[in-house]
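J.:
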Amino acid sequence: MDDQKKIQEHLEKFAHVYAFSKGFKFGEGAKSGIHEMSRRAAFNILNPPPEYESIEKQALIGIAEKKISIYIDHMIIARGKVYPDDRINELIGEQTWGWAHDILCPMWPIC
């Protein structure tokens, strides 16, 4: 996969499927964040820093998938902290996005 748009779409779909597999879906703010994260990751995969240049693109995509899953896991963990009354049910949203971002970023290639 050497096309930025295809990589972005793949990573965005991966994020949605991963969240769904955990019993969650993204709220509107988090959807926007996932879109931007996937765009950034696709660009970074195709333009890697020197320490990643020798790694095949498919392996870099795998690294991005793993880091996206870590990010989503942190969003899920954050639900109890940012939504203490559990009013949001199966959504992981903008506030959980911010919580995970503050803890994890920068984390190549996603942020």
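This note's numbering puts the sequence shown at residues 1 to 111. For each residue, glycine too, the CB sits at the ideal point set by N, CA and C.
1) Thinking just about the alpha-carbon of each residue, which of Thr96, Phe24 and Ile68 is nearest to the one in Asn89?
2) Just checking my contact of Leu11 with Glu65 at CB under 8 Å: how many whole Å lie between their CB atoms?
3) Looking at the structure shown, is Lys25 part of a helix, part of a strand, or coil, going by DSSP?
4) Within 8 Å, do at least three Cβ pairs link the stretch 36-49 to the stretch 60-76?
5) With C-beta atoms as the reference, is Ile110 less than 7 Å away from Met37?
6) Of all the alpha helix (DSSP H) runs that stay within the bounds of the stretch 9-74, which reach a length of 4 or more residues?
7) Is it true that the CB of Ala15 sits closer than 7 Å to the CB of Ile68?
8) Could you check what DSSP says for Ile136 in three-state terms: helix, strand or coil?
9) DSSP three-state call for Ile92: helix, strand or coil?
10) State the DSSP-derived secondary structure class of Trp108, mapped to helix, strand or coil.
T.: Looking at the atomic coordinates:
1) Among Thr96, Phe24 and Ile68, the Cα nearest to that of Asn89 is on Phe24.
2) The pair is a contact, with the Cβ atoms about 7 Å apart (cut-off 8 Å).
3) Under the three-state reduction of DSSP output, Lys25 falls in the strand class.
4) Yes: at least three Cβ pairs fall under 8 Å.
5) Contact check for Ile110 against Met37 passes: the beta carbons are separated by less than 7 Å.
6) Taking 4 residues as the minimum length, the alpha helix (DSSP H) runs contained wholly in the stretch 9-74 are 28-46, in order along the chain.
7) It is a contact, given that the beta carbons lie within the stated cut-off.
8) As shown, the chain starts at 1 and ends at 111. That puts residue 136 outside it, with no answer to give.
9) Collapsing the DSSP output to three states places Ile92 in a strand.
10) In the structure shown, Trp108 adopts coil according to DSSP, grouped into three states.
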